[in-house]
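Visitor: As they're listed, the protein sequences go chains A and B.
Going by the working numbering, the letters in the first sequence line up with residues 63 to 270, in that order.
Going by the working numbering, the letters in the second sequence line up with residues 63 to 270, in that order.
The following block contains the structure, expressed as structure tokens.
Protein chains: 2
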Amino acid sequence: MGRPRHAERTARALLDAAERIVESEGLQALSVRRVADEAGTTTRAVYSLFGSKQGLVIALGTRAFELLGAAIAALPTTPDPAADLVEAGVTVFRRFAVEHPSLFRLAVQRTLTSPELAAQFDAAAADALAGLEARVARLAAAGLLGDRTIRDAVCQFHALCEGLAAVELRGLLHANQAERVWRDALGAIITGFAAVSAPAAATQVPQG
Amino acid sequence: MGRPRHAERTARALLDAAERIVESEGLQALSVRRVADEAGTTTRAVYSLFGSKQGLVIALGTRAFELLGAAIAALPTTPDPAADLVEAGVTVFRRFAVEHPSLFRLAVQRTLTSPELAAQFDAAAADALAGLEARVARLAAAGLLGDRTIRDAVCQFHALCEGLAAVELRGLLHANQAERVWRDALGAIITGFAAVSAPAAATQVPQG
DNA sequence: GAAGTAACGTAACGCTGTTACGCTCCCGGG
DNA sequence: CCCGGGAGCGTAACAGCGTTACGTTACTTC
């Protein structure tokens with residue numbers, strides 16, 4: 063049935079070309095014809111192997127999440143769970159955003175048109191963030207999470223990392239101070255986590 | 063010279079149509095032909111009045127920032143600067159993101175292809191965020207900012223708001239708990255601000 | 001009222017994602 | 001060993017996109 067060997071090679075070539083184009087010129091430079099040209103094939107191959115341009119983009123994003131997840135898993139741990147979490151944010155999130163800005167926008171920020179396309183990333187994202195969740199769980203075990211759910215704290219920490227990355231990619235952080243601002247912000251929210259349930263909000267909502 | 067009266071009306075009709083389309087179907091549904099059709103004119107008008115599709119999109123984003131800035135300015139203040147800052151995040155940022163998700167993605171998150179197009183928003187964004195900066199300055203005046211710059215704290219707080227909005231728009235926050243998670247996260251980082259310079263990072267960088 | 005210029009309708013350009021059609025080559029059953 | 005069939009994919013076309021050269025129109029100024 064068919065010629066799967068060659069197809070595998072073609073699919074790899076297409077993905078490699080797509081990654082090269084997106085990383086060097088951004089997602090807007092990615093066209094089916096150009097990917098096919100640079101991979102030495104035709105547009106038809108993209109549709110046979112990936113179904114559509116969206117399929118190719120999803121495959122790219124999945125690859126990006128594999129990179130992210132592997133980077134978190136490879137990070138060493140110390141006896142200090144708070145420092146380890148800061149390290150995960152700065153070394154994994156920030157590093158990935160700075161070194162692969164287009165892939166970051168594509169996969170993490172989901173700079174895509176169609177919303178159901180973005181939903182395709184949910185599974186891959188959850189896998190990649192498992193390592194982050196483990197580090198937050200260590201904070202919880204040390205009693206440094208207040209009365210927050212681990213899930214909530216992961217969301218909040220993740221949100222801060224993603225927002226910092228967005229702000230930095232927009233050029234709002236001075237290059238030589240960016241890492242300090244990151245460490246400072248991540249440290250602040252972790253410090254706040256250790257206090258009991260968001261005192262600043264207490265004057266507004268009596269917390270149900 | 064020309065017929066400026068009619069032009070002004072046409073420009074307004076085009077902007078209104080564009081806003082309607084983007085808000086109801088997202089940025090990917092916005093095409094020059096369709097905007098022109100719904101405004102009762104032709105594509106040529108867009109190029110005469112806005113220069114290009116980008117010009118129209120920039121005008122839309124500028125309008126979004128005016129809304130945001132006005133919402134911050136209209137917010138009342140209390141004697142508690144920390145609570146006021148939380149309120150700004152939840153009532154202005156979150157509200158805008160939830161009620162106008164497409165405009166939020168367009169203007170704040172800059173879900174756009176071209177990077178120099180996104181830079182057009184910098185001035186409008188700075189204006190809109192002046193009210194936020196004022197509230198952070200009140201925190202600083204109360205001695206609740208540690209040794210942080212106001213500018214840095216604004217960036218960090220803004221990053222957290224933008225990240226929370228991104229996470230919520232992705233559907234990761236349970237609808238009935240979203241506001242609590244927001245208040246909790248904003249409260250945590252503000253609590254952390256009051257502590258002296260990010261203790262969690264102290265074990266990693268000795269702070270130059 | 002004459003003149004000139006901004007507004008903008010028409011029709012076309014080249015590009016995009018996508019697909020119907022047909023050839024080609026590999027893999028499994030006889 | 002070979003041969004039928006289905007997967008890979010080259011060709012050429014489609015509709016729709018942003019953009020623009022050209023013409024016309026109508027308003028504003030002198």
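Every residue, glycine too, gets a C-beta built ideally from N, C-alpha and C.
Taking the continuous alpha helix (DSSP H) assigned at G232(A), which residues delimit it?
Guide: The displayed chain sequence assigns Arg, not Gly, to residue 232(A). Element bounds for R232(A): n/a, residue is neither H nor E.
Visitor: Kindly indicate the opening and closing residues of the alpha helix (DSSP H) around V243(B).
Guide: A240 to A256
Visitor: Hey, would you say A187(B) sits closer than 8 Å to F127(B), going by beta carbons?
Guide: yes
Visitor: Using beta carbons (cut-off 8 Å, strictly below), is D246(A) in contact with chain B?
Guide: Closer than 8 Å: yes.
Visitor: Against chain A, does L226(B) count as a neighbour if the rule is that its beta carbon must be under 8 Å from one of theirs?
Guide: yes
Visitor: Taking the alpha carbon of P163(B) as the point to measure from, which residue in A132(B), A192(B), V229(B) and Q218(B) has its own alpha carbon closest?
Guide: Out of A132(B), A192(B), V229(B) and Q218(B), V229(B) has the C-alpha closest to the C-alpha of P163(B).
Visitor: Any idea if P143(A) is buried or exposed, counting beta-carbon neighbours within 10 angstroms, 16 or more meaning buried?
Guide: buried
Visitor: Threshold first: 4 residues or longer. Then list the alpha helix (DSSP H) segments lying entirely within the region 136-189 of chain B, N to C.
Guide: 143-149, 157-161, 163-169 and 177-181
Visitor: Let's see if you can read the secondary structure: which residues bound the alpha helix (DSSP H) around R200(B)?
Guide: A192 to A203
Visitor: Measuring only between beta-carbons, confirm whether D214(B) sits less than 8 Å from chain A.
Guide: yes
Visitor: Quick one: give me the first and last residue of the alpha helix (DSSP H) that A101(B) is part of.
Guide: Note, A101(B): premise wrong, no alpha helix (DSSP H); not H, not E.
Visitor: Could you tell me whether the Cβ atoms of L207(B) and I251(B) are closer together than 8 Å?
Guide: no
Visitor: Just verifying my parser: in three-state terms, what is the DSSP assignment at G117(A)?
Guide: helix
Visitor: Can you grab the Cα-Cα spacing for the pair A256(A) / A257(B), in whole Å?
Guide: The alpha-carbon atoms of A256(A) and A257(B) are separated by roughly 12 Å.
Visitor: Identify, in the order they occur along the chain, each residue of the same chain with its Cβ nearer than 8 Å to the Cβ of R245(A), setting aside the five sequence neighbours on each side.
Guide: Contacts found: V148 and V152.
Visitor: Where does the unbroken alpha helix (DSSP H) through D78(B) begin, and where does it stop?
Guide: P66 to E87
Visitor: Would S176(B) pass as an interface residue toward chain A - the criterion being a Cβ-Cβ separation below 8 Å?
Guide: yes
Visitor: In this structure, how does DSSP classify R210(A) when only helix, strand and coil are distinguished?
Guide: coil
Visitor: Check whether the Cβ atoms of L168(A) and G123(A) lie closer than 8 Å to each other.
Guide: Yes; because the gap between Cβ atoms is below 8 Å, this pair is in contact.
Visitor: Restricting to Cα atoms, I'd like to know which of L201(A), V243(A) and N238(A) is closest to D214(B).
Guide: V243(A)
Visitor: Alpha carbon to alpha carbon, how far is D146(B) from G205(B)? Give it in angstroms, no decimals.
Guide: 15 Å
Visitor: Enumerate in chain order the residues of its own chain whose CB-to-CB distance from T139(B) is below 6 Å, with the five nearest sequence positions on each side excluded.
Guide: D146
Visitor: For L92(B), does the three-state DSSP call read helix, strand or coil?
Guide: coil
Visitor: Output yes or no for whether 8 Å exceeds the beta carbon distance between A150(A) and R197(A).
Guide: yes
Visitor: When burial is assigned at 16 or more other CB atoms within 10 Å of the CB, is R74(A) buried or exposed?
Guide: exposed
Visitor: I'd like the list of long-range same chain contacts for L92(A), defined as Cβ closer than 7 Å, with 5 residues on each side in sequence excluded.
Guide: Same-chain partners within the cutoff: A80, I83 and V84.
Visitor: Would a C-beta distance cut-off of 8 Å place V94(A) and V108(A) closer than the cut-off?
Guide: yes
Visitor: Count the other CB atoms within 10 Å of the CB of G233(B); is the residue buried (16 or more) or exposed (fewer)?
Guide: exposed
Visitor: Please check if any C-beta of chain B sits within less than 8 Å of the C-beta of I120(A).
Guide: no
Visitor: Can you list the residues of chain A that I251(B) reaches, using a CB-CB cut of under 8 Å?
Guide: L222, A247, A250, I251 and G254
Visitor: Taking 8 Å as the CB-CB cut-off, is Q171(A) touching chain B?
Guide: yes
Visitor: Could you tell me whether the Cβ of A4(A) comes closer than 8 Å to any Cβ of chain B?
Guide: Because chain A is modelled from 63 through 270, residue 4(A) falls outside the range shown and cannot be assessed.
Visitor: Could you name the residues of chain B that A257(A) contacts, counting a contact when the two beta carbons are closer than 8 Å?
Guide: Under the 8 Å cutoff, chain B gives A250 and T253.
Visitor: With a threshold of 16 other CB atoms inside 10 Å of the CB of A98(A), please say whether the residue is buried or exposed.
Guide: buried
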